[in-house]
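Every letter in the sequence shown is one number past the one before it in the UniProt record's numbering, and letter 70, counting from 1, is 70.
For each residue, glycine too, the CB sits at the ideal point set by N, CA and C.
Shown next, in structure tokens, is the structure this report addresses.
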Amino acid sequence: MNKYPMTVQGARALEEEHAHLTKVVRPKLSQDIGTARELGDLKENAEYHAAREQQGMVEARIRDIEGRLQNSVVIDVTTIAHTGKVIFGTTVEIANVETDESVTYQIVGEDEADIKLGKISVASPIARALIAKEEGDVVVVKTPGGVIEYEIVEVRHI
């Protein structure tokens, strides 16, 4: 059985999505299916088939969320002593050694990763290189574009 690490915020977001799907979307789809049934012949009823297809996708997502939450390991980084080491859930500011360009990432679970929000998966090459390192360390990240060296500027437990 796979265990899914996630932050408190990530678990909360999945719980909110689950609640929305089960309490809002599921009843609406049931109502839509009932309304479409009343239109007559189900063989040629596009509204009925579209609603049933949507219902199948929603039910699959609900089961996926339930499985992930059931097998999740929620890690609250704010309860862990700050040692300056990079661990799951920490926010890390790193600087490219060559260009001195800095960027900040939070290391999160796969479901939470969103590069636009500065959240990278713990399974990503950058996160794997950063884990267990400390402020001031230089890490080497192998990317498709080549090898890049980053210095860890700051590690925050947010």
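Could you check how far apart the C-beta atoms of residue i and residue j are, in whole angstroms? I think they sit under 8 angstroms.
i: Lys119; j: Glu110; result: Actually they are not in contact, since the Cβ atoms of Lys119 and Glu110 sit about 11 angstroms apart, beyond 8 angstroms.
i: Gly84; j: Glu134; result: 5 angstroms
i: Ala60; j: Val153; result: The Cβ separation is near 42 angstroms, so there is no contact.
Going by beta-carbon coordinates alone, are residue i and residue j separated by less than 9 angstroms?
i: Thr99; j: His157; result: no
i: Gln70; j: Leu29; result: no
i: Gly89; j: Val108; result: yes
i: Glu93; j: His18; result: no
i: Ile148; j: Ile87; result: no
i: Val8; j: Val74; result: yes
i: Ser72; j: Leu14; result: yes
i: Glu53; j: Ala36; result: no
i: Ile33; j: Ala51; result: yes
i: Ala129; j: Lys142; result: yes
i: Ile62; j: Thr22; result: yes
Count the other CB atoms, across all protein chains shown, that sit within 10 Å of the CB of residue i; report buried if there are 16 or more and exposed otherwise.
i: Ala127; result: buried
i: Gln106; result: buried
i: residue 163; result: Beyond the ends of the chain as shown, which are 1 and 158, falls residue 163; an answer cannot be given.
i: Val155; result: buried
i: Pro27; result: exposed
According to DSSP, is residue i helix, strand or coil?
i: Lys23; result: helix
i: Thr83; result: coil
i: Ile65; result: helix
i: Ser102; result: strand
i: Gly89; result: coil
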